[in-house]
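Colleague: Protein chains in written order, with the working numbering: chain A, 935 to 1441; chain B, 792 to 893; chain C, 357 to 1030; chain D, 4 to 492.
We put the beta carbon where it would ideally sit given N, CA and C, even for glycine.
Model, not experiment: these values are computed from the prediction.
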Amino acid sequence: MNELPLLSLLVALPWFGALLLWLWPKAPVRGLAFIFCASTLVLGVIAAAGFDPTRTGYQWTERHAWIPSLRIDYHLGLDGMSLLLVLLTGVVSPVALATVLRRLESPRLAALLFLLLQGAALGVFVALDFFPWFICWEFSLVPAFFLIKGWGGAGAGRAAYTFVVTTLAGSAGLLLAFAALYAATGTMNFVDLAQLQAEGRLPGLLTAVGAGVPTLAFVGALVGLAVKAPLFPLHTWMPATYAEAPPGVALFLTAVMSKMGVYGFFRILWVLFPADLRVHADLLLLLALGGAVLGAMAALRQTDVRRMLAYSSLNHVSYCLVALFAAAAGVKGHEVAVEAALSGALVQAFNHGLSASALFVCAAALESRAGGSREFARFGGVRAVAPVLAGMSGVALFSSLGLPGLNGFVGEFLIFRGVFGLAPWAAVVGTVGLLATALFLLTFWQRVFHGPPAGAAAGPFPDLDRGEIAVLLPLCVLMIVLGVAPGLITPWINPLVTGWAATLPMP
Amino acid sequence: MSPLHLCLLLSTVLFCIGLAAVLVRTSAILVLLGVELMLNAANLNFIAFWRYGPGGDDTGVIFVLFSIAVAAAEAAVGLALVIALHRHRRTIALKAANQLRG
Amino acid sequence: MTLSASLLWLIPATPLAASVFGLFAPRTARTLPIAGALLGLVAALGLSVAALAGALVDPAVRATSDFAWFTFGAQTLRLGWLLDPLAGFMCVLVTLIGLLVALFSTAYLRHDPRIGRFFGFLSLFVAAMLGLLVTNSLLLLFICWELVGLASYLLIGFWYERPAAAAAAKKAFITTRIGDLGFLIGLVWLHQATGSALFHDGGAGALDAPTLARLSSTLLPGGWAVSTAIGLLLFVGAAGKSGQFPLHVWLPDAMEGPTPVSALIHAATMVAAGVFLMARVFPLMAADQGLATVPFHALTGVAVIGAVTALLGAVLAVAQNDIKRVLAYSTVSQLGYMMLAIGVGSWVAAVFHLITHAFFKALLFLGAGSVIDATHHEQDLRRLGGLAGRMRVTFATFALGTGALMGLPFVFSGFWSKEAILHAAEGWTVSHLPFAAGLVGVVLTAFYMTRLVLEVFFGKARGEGAAHAEESPGLMRGPLVVLAVAAVGLGWLGLPNWPWLQTRLQGGDWPVHGLGEGFGLMVVSTALVLLGIGAGWWWYGRVKRTDARALDPLARSWPAVHAALAGRLWLDELYAATVGRAFAMLARVAAFFDRWVWGGAVEAAGRTAETVGQVNRAVDEDGLNAGFDNTSEHLRGSGRRYAKAQTGDAQSYLRVVAIGLAVVGVLLLWGGVR
Amino acid sequence: MTGDYGALGRALLPEGVLVATALVVILCDLVWGRGRGRESRVQASVLLGLLGLVAACVILWQEGVLGEVGSGALNLDFLAVAVRVGVVVLSGFSLLTLVGGNTRSQPAEYVALLLFATVGFLQMAAAQTLLLAFLGLELASLSLYVLAGYDRTRPESAEAALKYYLQGGVSAAVLLFGFSLLYGLTGSIGFREISLVLVSNPPGALGAVAVGMVLVAFGYKVAVAPFHLWAPDVYQGAPTSSAALIASASKLAGVALFWRLLWSGLGPTSGGVNLSSSGPGGWVLVVAVMAAASLLLGNLVALAQRNLRRLLAYSAIGHAGGLALGLLAAGEVGPGPLFYYAATYGLATVGIFGCIALTERETSCATLEDLAGLWRRSPLVAACLAVFVLSLAGIPPLAGFFGKFVVFAAALRIDGLGHPAGWVALLAIVMSMVSLYYYLIVLKQAWLVVPPTPPRRMAVPLVASLALVAAAAGLVVLGVFPSILLGLF
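Following this line, the structure appears as structure tokens:
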């Protein structure tokens, strides 16, 4: 492979930026932060350009012995799924950073923390050994905690605690699972473990450790990932956190960090525990559907913009998981459905990142113009006074509710195509969620943007300024482009998905 | 009952008396004495085992010599601490040392 | 000049380009977006005519042009374009009516500051509809279908400052989306069952014979064929878009949009999409007919729903006072006729009626728009009246449109297309109830249209607006005249003894009847139309309304009836007490159902969702989160309790040590140290 | 006793150096320090003590692994050397907290006592006979008692020392009694000989009593429940640097001593690593119970604490449970994880006490609220505190995370859940999540809470800040490259 340690740079540059900000008190904070923040996009595009979509397996790999006595490696690599999420992080991070730093008087510490967060998220997407992976996974909580607590709303303290403690409790499960895996196999490398699983030796090795250990490991990993994603009913930390966190951070949480959970489901559960996943698929499918449907229903009841968006996120991410669990229970003869479901889940993960980001930016714009208030009742007729804001949030909103022609539809279509082939009842139940999504998004739209100008919009309500447009416009363009030409991103994941479908032990 | 058993019985009784003193006496000095008793019970054991036990060399005696020295040092430190307590609280009742808790 | 299939995408692309241009043009520019939209529509019309010409060269040949959209896993999703006479005729229809509506709008919306925006949305609407027509793929059709929904949402809610408009737009989008979910499931099921998203794909497409044979012979657990299930699911989608019972509730509300938009929705775009879909996938719908064991065919369902809708729409139209609402319920009713035709197996008749209806309904709506514009947005027919003299062109064209809608014999287009439907329904062997419903509908249609015309154009002006109305400007009259010509003349394209249109649509032979064969039916239906007109005249024509506040004769309640008994002829009162009350009751019950039961059902669904949401929120906030807090608090509490146990007494520490020693010793002894 | 006295002398050279340094410190203070200010006396003493520690460290490094010396009385194997180096380093850091902390009277004696205690630790790390173990333990303990009560001005200091002393004395007596029984049962005081005899002659009830007594002393030294009661009071009452020493070096040395004693001496009575084959029993089960009790108690009670030091003490009790778990696992996988855990835990604890010492120079630093606004007072101290606390909390990539990880993994590796250690590991993971709650409270105070009065900037001596940064960097480096320590074993 290439000599350039691209992935190391990818992870390290934001961290280096943070270091620089710390050591250089007089630094031009915003400029510096944006340069390092945008490095991800640049490097991601380079990686994509050098990425050979026809090959399966990892590319741009770096592997060095790290802790030889424990057979822990510094192992980075990129497959289609990682690439997709790295690019998503690359696109979303500058947006999030801009939203975080907006109107901040002393942006240094916030920028520093954000860069730390960004680097950690990237580490999760490219690490191939549990050890570095988990380090990044856990480490991401620290800057997130301080960002939420330090710059969030009135209830941010409690929200940050709930967020961190719940997520860490989940991490305990992950740690447990990998301790068990390590005890059984002596390695924590994802690639090696996947190899063992492919050879069919992993369950035997785990059982050799103890009778209940395979289940223990599976449940541990499941819980850890489920909290992050989140999977219903472990989502309860989410509404308060998204509502109280500063908008930019909430944006990053939903666009990127929830994808860490989805990524983990694929990288760990799907690959290492296919048999357990199959056994429990029905229950899990039910839970994911619960998230999709009840999430949307709950969103319907919200009168707080960001709480509504939080439930909306639950709804969208749950669809990814619905597809995953349905695929896990796939039977022979339905390979196409499995491929559709898995592609759909990945595409949906990417697309939700884009549309959720845009929605949160719009929510932030609304909030900042209403003195921090997020209640629907404080708005009305915004479209009349701020048509650009209305137009851009309209694009994001219709993308979010899965309007064809915008990116959200592609993932939803693939998911429904796949899930219907595998578990028709789930697809039918899932449509209720789609309907409710449309209902609450349009209700929000109607109450806030339509009608005569009222509430905050009755006073001086400036339309989007240049900075906000600069942030939103690329997102809107991407949403339209990817809605029309999803083929721009699917080739990266196709070999991966085909491989997964082919190796799935289907009865 | 062999001499060894007698000795062991004696040392056990001594140990128990010492322990009882430690547990029930209120005066710090007497508690210190209890500790000394317990230490000496152990010393008695060493001597008994050296004399009647299977061991071939003099390690038991040597051990006792060292432990007596240690016990002496311990007593000295203990007394110093009791005095320190007395300086602050004007009493040597152990009950006085109960400010730190929770 | 003809258009090859590979260039079909140009047809939707031109209005789409105009739409993008219109939406991104500077807010202050007014003429540029209008010019762009008109240019796009003219170009699309030209292309459509060219395409139709190409399709008519050999109507039996379908020209397709496919392309790959994207690949998932190892599967390539292919979409495509399709040209056949159905698509060709529909394209011409949509672009022509779209162009006329656009012309009308330039005058109708001349004072609106956002007129540029309006033309952007309008172009998008037409573009999406055109895309839907020329596609060779159910998936692409669905995509355009949803875009049609989006455009209608934007247009219905065009005056978004008005809460009613915003609510109506949302209601339209949501109600049609309920249907779309059925469509989506049907779509993925079809893709699952056929592995292709294309209609015609050299034998592998969803509508190709081998696939249809497979679909209709694969039986589901209930004994139904897969094709039946998919067909019914697609029909759910069509029912949503085409305002079929019970999903018709959005249509009357959609009147909140600007009137040209109503014309477009009710004539060529939105509601036509459902009928077009059914016509397009008709082979699939009909595929299960060969299996005699199946208890329930997909088409039977379509016929039943169509008949119910036809009747219901007509009944409801009777009781409306808003000029546009009468027309809206009339559209519901006419769409029911079309579905009925498809259900009884004659999709050609349905499309024939779709085409004629498009022209005369566009004419009626634009006529209504002309009236509304002239009377300064007066839509209540009780406050209109006497416009026949003041707005001669509008009146004349409106009257022609009314004749077409009623189906006045021999001259008007609506007569011939409705005859085709009734003829097909009469020949349906399964049941004669749809036919009967169709006949009743004919009476009602004639009745309510008579009432409408009498109330609006005759008598004396009962409101400020009507009193000072003047004829609309030329840009509005022009389209009316063109549409009126079409409303009269189009029927001649599909006469029973010269079925030119039918033959072309069918792409093959069409049975040619002499006029004599269906003559009995024609006589009956003519009689029914006259009956309706007579009844209408009986109530509304004989005694003209003079006061806007006067009670409608049909809505008269008991005391009014008694008061009338005292001073009127016994026969009059008998009519009023029997037929009149029955009508009023029927209308009221139907209105009640519409308002409360189905509207209520939507409301109830919303409420249920809200309740579930409320419970979920309660569980979230008071259950799980509180649980988290309680657990933390509990843990801390136990910590505090234990910390209290550490009394600080030195001797108690030593006691603990002694106890610990004892416990350790016991544990070791119990375990037995080896 | 015959033996290679040259080797013995070389082996004991570090101890000698330290004792000599202690004497020099006192002498120097008497001669040079007369009439000089306290500050300079403290600095001189610390400097000299530090020089001695560095010298000892260098000697230890150069001598390397000497193997058994003194006829098997001392075993300077790899672990011993590692622990000795670790102890010296931790003592050095404890000593450095004196620089930043409140200067107290008679610094020379303090430093000398600290060095004596270190000598005791060094002995403990290498002892392979009951006698040397006892002597090392007592030498260290006696010094620590005095160090704990060194602050004459505060009654809490005296009280803490007395409590520490009383429990220590009783524990020592119990241990000595247990030793005497072991001597009686086996006729020897060498660990290896004891082990050999125990293998051939299974001990009876007397043996059980002896083992139990050893466990009591272990519980006391490492502060494992239910023998932990002294710890909160001592952490709270003792002078900061004494508490730091007690919490770090003393623990590391104790863990090493008892690892050696329990596994290579009393290994046959462990009940076996594989309980399923030999039934329950042996001290492994008892230690598992003690570990579980510690984990539960320490972490839960810590939740309720408002006093920073007591919070640390209870968290230390929780960590002692982890250490006990590591002790169990050490029978299967060797002492590597245990040593890593103890050493990195010690480093983080010393660091926190260093931060406390710096903070309390200007204001009091007793309750959590006293930390409020530390970020503004001194970003450096706050940042280092964050590193230390997060390491204790086990957040990757800090060393504390890896210590927990290797210990838990090793415990699970014994026999999965077929072994009590597996279950204790589960409990430990759960409890480490509970612990986050209170660790985050500490950080919240330091970083986010705005104090009622605007804080003044804190003056931090260069040496102290260097020491803090060194400790924090050590935790990061050891966390990212755990092979530095783990690779040794």
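Go ahead and pull the three-state DSSP assignment for Lys572 (chain C).
Modeller: For the purposes of this step, residue 572 (chain C) is identified with residue 216 of the third sequence, where counting begins at 1. With the sequence shown as reference, residue 572 (chain C) is identified as Ser, and Lys is not the correct amino acid for it. Helix at Ser572 (chain C).
Colleague: Sort C:Gly454, C:Leu496 and C:Thr370 by Cα distance to Val1418 (chain A) and report the nearest one.
Modeller: Reading the first sequence from its first residue, position 484 is the one you call residue 1418 (chain A). That would be C:Leu496, whose Cα lies nearest to the Cα of Val1418 (chain A).
Colleague: Just to confirm my understanding: we take Leu134 (chain D), look at its own chain, exclude 5 residues before and 5 after, and list those with CB closer than 6 Å. What are they?
Modeller: Along the fourth sequence, one-based indexing puts residue 134 (chain D) at 131. Ile192.
Colleague: Is the separation between the beta-carbon of His788 (chain C) and that of Leu877 (chain C) shorter than 9 Å?
Modeller: The residue you call residue 788 (chain C) lines up with position 432 of the third sequence. The residue you call residue 877 (chain C) lines up with position 521 of the third sequence. No, they are not a contact pair.
Colleague: Of all the CB atoms in chain C, is at least one closer than 9 Å to the CB of Gln1282 (chain A)?
Modeller: Residue numbering aside, residue 1282 (chain A) sits at position 348 when the first sequence is read from its first letter. Taking Cβ atoms only, chain C never reaches closer than 9 Å to Gln1282 (chain A), which makes this a no.
Colleague: Sort A:Val1405, A:Thr988 and A:Leu1276 by Cα distance to Phe1294 (chain A) and report the nearest one.
Modeller: In the first sequence, counting from the first residue as 1, residue 1294 (chain A) sits at position 360. Measuring from the Cα of Phe1294 (chain A), the nearest candidate turns out to be A:Val1405.
Colleague: Is the CB of Phe408 (chain D) under 9 Å away from at least one CB in chain A?
Modeller: Here residue 408 (chain D) corresponds to residue number 405 of the fourth sequence, with the count starting at 1. Output row for Phe408 (chain D): interface = yes.
Colleague: Which residues in chain A sit within 7 Å of Arg501 (chain D), going by Cβ to Cβ distance?
Modeller: This structure cannot settle anything about residue 501 (chain D), because the visible part of chain D is limited to 4 through 492.
Colleague: Check the Cβ-Cβ distances between Lys224 (chain D) and every residue of chain B, and say whether any is below 9 Å.
Modeller: Position 221 of the fourth sequence, counting from 1, holds the residue named residue 224 (chain D). Not an interface residue.
Colleague: Give the residues of chain C in contact with Gln170 (chain D), contact being defined as C-beta atoms less than 7 Å apart.
Modeller: For the purposes of this step, residue 170 (chain D) is taken as the residue at position 167 of the fourth sequence. Under the 7 Å cutoff, chain C gives Tyr1009, Leu1010 and Val1013.
Colleague: Using a Cβ cut-off of 7 Å, pull out every chain A residue sitting near Pro399 (chain D), in sequence order please.
Modeller: By 1-based counting over the fourth sequence, the position of residue 399 (chain D) is 396. In chain order: Phe1068, Ile1069, Glu1072 and Phe1073.
Colleague: Which residues of chain D have a Cβ atom closer than 8 Å to the Cβ of Pro1002 (chain A), listed in chain order?
Modeller: In the first sequence, counting from the first residue as 1, residue 1002 (chain A) sits at position 68. Near Pro1002 (chain A) (Cβ distances below 8 Å), the residues of chain D are Ser486 and Gly490.
Colleague: Of the choices C:Trp437, C:Thr462, C:Gly505 and C:Pro389, whose alpha-carbon is the least far from that of Gly476 (chain C)?
Modeller: As a first step, residue 476 (chain C) must be located in the third sequence, where it is residue number 120. Of the candidates C:Trp437, C:Thr462, C:Gly505 and C:Pro389, the one whose C-alpha sits nearest the C-alpha of Gly476 (chain C) is C:Pro389.
Colleague: Looking at the C-beta of Arg195 (chain D), does it have a partner C-beta in chain B at a distance below 9 Å?
Modeller: On the fourth sequence, position 192 is the one that residue 195 (chain D) refers to. It does not; no Cβ of chain B falls within 9 Å.
Colleague: Going along chain C in order, which residues have a C-beta closer than 8 Å to the C-beta of Leu799 (chain B)?
Modeller: Walking along the second sequence from the start, residue 799 (chain B) turns up at place 8. Correct list: empty, because the minimum Cβ distance to chain C is about 16 Å.
Colleague: Against Ile534 (chain C), what residues of chain F qualify as contacts under a CB-to-CB distance less than 8 Å, listed in chain order?
Modeller: Within the model displayed, chain F is absent; protein chains A, B, C and D are what it includes.
Colleague: Could you check where the alpha helix (DSSP H) with Ile1427 (chain A) kicks off and where it finishes?
Modeller: On the first sequence, residue 1427 (chain A) is found 493 positions in, with the first residue counted as 1. Note, Ile1427 (chain A): alpha helix (DSSP H), Thr1424 to Thr1437.
Colleague: Quick one: what does DSSP say His998 (chain A) is sitting in, helix, strand or coil?
Modeller: As a position in the first sequence, residue 998 (chain A) is number 64, starting the count at 1. Three-state DSSP puts His998 (chain A) in a strand.
Colleague: By DSSP, does His1009 (chain A) sit in helix, in strand, or in coil?
Modeller: Position 75 of the first sequence, counted from the start, is the residue given in the question as residue 1009 (chain A). Correct three-state label for His1009 (chain A): strand.
Colleague: CA-CA distance, Arg1308 (chain A) and Ala1297 (chain A)?
Modeller: As a position in the first sequence, residue 1308 (chain A) is number 374, starting the count at 1. As a position in the first sequence, residue 1297 (chain A) is number 363, starting the count at 1. Approximately 8 Å between the Cα atoms of the pair.
Colleague: Identify the continuous alpha helix (DSSP H) that holds Gln352 (chain C) and give its terminal residues.
Modeller: Outside the displayed range of chain C (357 to 1030) lies residue 352 (chain C), so it cannot be described from this structure.
Colleague: If you drop the 5 nearest sequence neighbours on each side, which residues of the same chain put their C-beta closer than 6 Å to that of Leu480 (chain C)?
Modeller: Locating residue 480 (chain C) in the third sequence gives position 124, counting from the first residue. Cβ within range, chain order: Ser375 and Ala507.
Colleague: Along the region 401-414 of chain C, what residues have a CB closer than 7 Å to any CB found in chain A?
Modeller: none
Colleague: Here's a check: name, in chain order, each residue in its chain whose Cβ is nearer than 8 Å to the Cβ of Arg1 (chain D), leaving out the five neighbours to either side.
Modeller: Chain D is shown from 4 up to 492; residue 1 (chain D) falls before or after that span and cannot be answered.
Colleague: Counting pairs of Cβ atoms below 8 Å between the region 392-404 of chain D and the region 125-134 of chain D, do you hit three or more?
Modeller: no
Colleague: Would you kindly check if the distance between the Cβ of Thr1188 (chain A) and the Cβ of Leu1243 (chain A) is under 9 Å?
Modeller: Start at 1 with the first residue of the first sequence, and residue 1243 (chain A) comes out as number 309. Start at 1 with the first residue of the first sequence, and residue 1188 (chain A) comes out as number 254. A contact, by the Cβ cut-off of 9 Å.
Colleague: Taking the alpha carbon of Ser686 (chain C) as the point to measure from, which residue in C:Arg807, C:Leu571, C:Leu1017 and C:Gly701 has its own alpha carbon closest?
Modeller: Within the third sequence, the letter at position 330 stands for residue 686 (chain C). The shortest Cα separation from Ser686 (chain C) among C:Arg807, C:Leu571, C:Leu1017 and C:Gly701 belongs to C:Arg807.
Colleague: Once DSSP output is grouped into helix, strand and coil, what is the label at Gln1282 (chain A)?
Modeller: As a position in the first sequence, residue 1282 (chain A) is number 348, starting the count at 1. Here Gln1282 (chain A) sits in helix by DSSP.
Colleague: Closer than 9 Å by beta-carbon distance: list the chain A residues that pair up with Ile541 (chain C), in chain order.
Modeller: Along the third sequence, read from residue 1 onward, the residue named residue 541 (chain C) stands at position 185. In chain order: Phe1350, Phe1354, Pro1358, Ala1361, Val1362 and Thr1365.
Colleague: What's the C-alpha gap between Ser144 (chain D) and Glu865 (chain B)?
Modeller: By 1-based counting over the fourth sequence, the position of residue 144 (chain D) is 141. By 1-based counting over the second sequence, the position of residue 865 (chain B) is 74. Taking the straight line joining both Cα atoms gives about 9 Å.
Colleague: Would you grab the beta carbon distance between Gly240 (chain D) and Ala163 (chain D) for me? Rounded to a whole angstrom, and I think it's under 8 Å.
Modeller: Locating residue 240 (chain D) in the fourth sequence gives position 237, where the first residue counts as 1. Locating residue 163 (chain D) in the fourth sequence gives position 160, where the first residue counts as 1. With a Cβ gap of about 3 Å, Gly240 (chain D) and Ala163 (chain D) count as contacting.
Colleague: From which residue to which residue does the beta strand (DSSP E) around Phe1031 (chain C) run?
Modeller: Past the edges of chain C, shown from 357 to 1030, lies residue 1031 (chain C), and the structure says nothing about it.
Colleague: Under 8 Å Cβ-Cβ, which residues of chain B neighbour Ala1018 (chain C)?
Modeller: Locating residue 1018 (chain C) in the third sequence gives position 662, where the first residue counts as 1. Per Cβ cutoff of 8 Å: no residues; Ala1018 (chain C) is ~11 Å from chain B at best.
Colleague: Which residues of chain A have a Cβ atom closer than 8 Å to the Cβ of Thr427 (chain C), listed in chain order?
Modeller: Mapped onto the third sequence, residue 427 (chain C) falls at position 71. Those within 8 Å of Thr427 (chain C) in chain A are Gly1421, Thr1424, Pro1425 and Asn1428.
Colleague: Thinking C-alpha only, which one of D:Leu248, D:His322, D:Val27 and D:Leu11 is nearest Val437 (chain D)?
Modeller: Counting from 1 along the fourth sequence, the entry for residue 437 (chain D) is found at position 434. Of the candidates D:Leu248, D:His322, D:Val27 and D:Leu11, the one whose C-alpha sits nearest the C-alpha of Val437 (chain D) is D:His322.
Colleague: For Leu449 (chain C), collect the residues of the same chain with a Cβ closer than 7 Å to its Cβ; drop the 5 residues on either side in sequence, then sort them by chain order.
Modeller: In the third sequence, the residue the question calls residue 449 (chain C) occupies position 93. Around Leu449 (chain C): Ala624, Ile711 and Ala714.
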